[in-house]
Amino acid sequence: MVGIDFGKPLFTREEIQRKIQEIGLLISTDYADKDLIAVGVLKGALFFMSDLLRSLRISVRMDFIHCTSSATKGQDGNPVRMLCDMKEEIKGKHVLLIEDIMDSGVTIDYLKKMLLERGPASLKVCVLLDKTGRRQVPIEADYAGFRIPNKYVVGYGLDYKDRYRNLPYIAVLPVEERQVP
Ligand code: IMP
Ligand code: MG
Numbered sequence: 001m002v003g004i005d006f007g008k009p010l011f012t013r014e015e016i017q018r019k020i021q022e023i024g025l026l027i028s029t030d031y032a033d034k035d036l037i038a039v040g041v042l043k044g045a046l047f048f049m050s051d052l053l054r055s056l057r058i059s060v061r062m063d064f065i066h067c068t069s070s071a072t073k074g075q076d077g078n079p080v081r082m083l084c085d086m087k088e089e090i091k092g093k094h095v096l097l098i099e100d101i102m103d104s105g106v107t108i109d110y111l112k113k114m115l116l117e118r119g120p121a122s123l124k125v126c127v128l129l130d131k132t133g134r135r136q137v138p139i140e141a142d143y144a145g146f147r148i149p150n151k152y153v154v155g156y157g158l159d160y161k162d163r164y165r166n167l168p169y170i171a172v173l174p175v176e177e178r179q180v181p
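Under my numbering, the first residue of the sequence shown is numbered 1, with each subsequent residue one higher.
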């Protein structure tokens, strides 16, 4: 059995929910008179997107992109492998890309460029966590929850080898847990 109790959370359930209410208010105001499509990046954004969209005071449509990021570029030269593209047509639409964490920035940068080629009316990025000190490309999120130091975190959608996503809070992954197969 792989346990998921890591002791002290970096961010508790309550802290996460409070932050989501703050971001939700900003987004509700910014898009008050706009038709918005929220695009979640699976799997990491699952819980964040679910809570964030339910905190909004505006009606939105939702879609998903499923991709994986690799530290080294794949055979096709892409740093991101697309597993499933979104279904909605976004030409002329207002799009908000929702991701769990921005680290080097490479994944969001790649996805932004891909979506911009489709001609949206606007494209913004919302992340729950931001490791600002780790950027490899000059990119910032339009909405960011918490800035965090260079620590590997799991929970609330974030994984280590696809585990720990269902932890209801965010915790720093203990070094010994990195041995999990
Ligand atoms: P980036 O392309 O370097 O910005 O990284 C993006 C992806 O790396 C995220 O979508 C996450 O899947 C993963 N990632 C980066 N840092 C962490 C972390 O601390 N915990 C879990 N996943 C992370
Ligand atoms: Mg991810």
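Beta carbons: idealized from backbone N, C-alpha and C, even for Gly.
All of these numbers come straight from a predicted model, not from anything done at the bench.
Beta-bridge annotation (DSSP): Met114 is not paired with any residue. In the DSSP assignment, Glu176 falls outside any beta strand (DSSP E) and carries neither an H nor an E. Val39 has its Cβ no nearer than 6 Å to any heavy atom of the ligand IMP. Contact annotation: the stretch 94-110 touches the stretch 120-139, with at least three C-beta pairs closer than 8 Å. Of the residues Pro149, Leu111 and Asp51, the one whose Cα lies closest to the Cα of Ile20 is Asp51. Asp76 is not a Cβ neighbour of Val39, given a cutoff of 7 Å.
With contact defined as three or more Cβ pairs closer than 8 Å, the stretch 32-49 and the stretch 84-97 are in contact. Three or more beta-carbon pairs drawn from the stretch 144-154 and the stretch 166-173 are found closer than 8 Å, and the two stretches are therefore classed as touching. Residue environment: Val137 is assigned as exposed (fewer than 16 neighbouring CB atoms within 10 Å of its CB, all protein chains considered). Ranking Ala141, Cys67, Arg18 and Ile98 by CA distance to the CA of Ala45 puts Ile98 first. DSSP places Ser28 inside the alpha helix (DSSP H), whose first and last residues are Arg13 to Asp30. Pro168 counts as exposed, since fewer than 16 other C-beta atoms from the protein chains shown sit within 10 angstroms of its C-beta. Beyond the five residues adjoining it in sequence on each side, Asp85 comes within less than 7 Å, by CB distance, of Ile65 in the same chain, given in chain order.
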